[in-house]
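Participant: Letter by letter, the sequence shown follows residues 9 to 82 in our numbering.
All C-beta atoms, glycine included, are put in the ideal place defined by N, C-alpha and C.
Note that the structure is predicted; figures quoted are calculated from it, not measured.
The structure follows.
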Amino acid sequence: MIRRRRRTAANSLDELASETSELVTRLLREHRVLRAENELLKREVERLSTGWDEVRRLARLAPRRRRGRKPAAR
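Structure below.
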């Protein structure tokens, strides 16, 4: 069984405040990184969407080959 050493109230409050501060700093850093990554992904989606719109436009303009009728099977 692991026993924890008893801490003074002031000491544990200092530790808790320090740990909370570190965690908040880490969360803010991760948040900043994720926002930047999301912005890059958003730009990529816009670029790809524009490309697909162009593909659809060109597909509508492309000449269609007429299919001949197949003779009925007897």
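Give the straight-line distance between the Cα atoms of ARG64 and GLU47, rounded to the nearest whole angstrom.
Facilitator: Working through the sequence shown from its first residue, we reach residue 64 at position 56. Working through the sequence shown from its first residue, we reach residue 47 at position 39. Near 26 Å, if we compare the C-alpha coordinates of GLU47 and ARG64.
Participant: Compute the Euclidean distance between the alpha carbons of ALA18 and VAL32, then round it to the nearest angstrom.
Facilitator: Counting from 1 along the sequence shown, the entry for residue 18 is found at position 10. Counting from 1 along the sequence shown, the entry for residue 32 is found at position 24. Straight-line Cα distance between these residues: approximately 21 Å.
Participant: If you run the structure through DSSP and keep just helix, strand and coil, what is GLY76?
Facilitator: What you label residue 76 is simply residue 68 of the sequence shown in a count that begins at 1. Coil.
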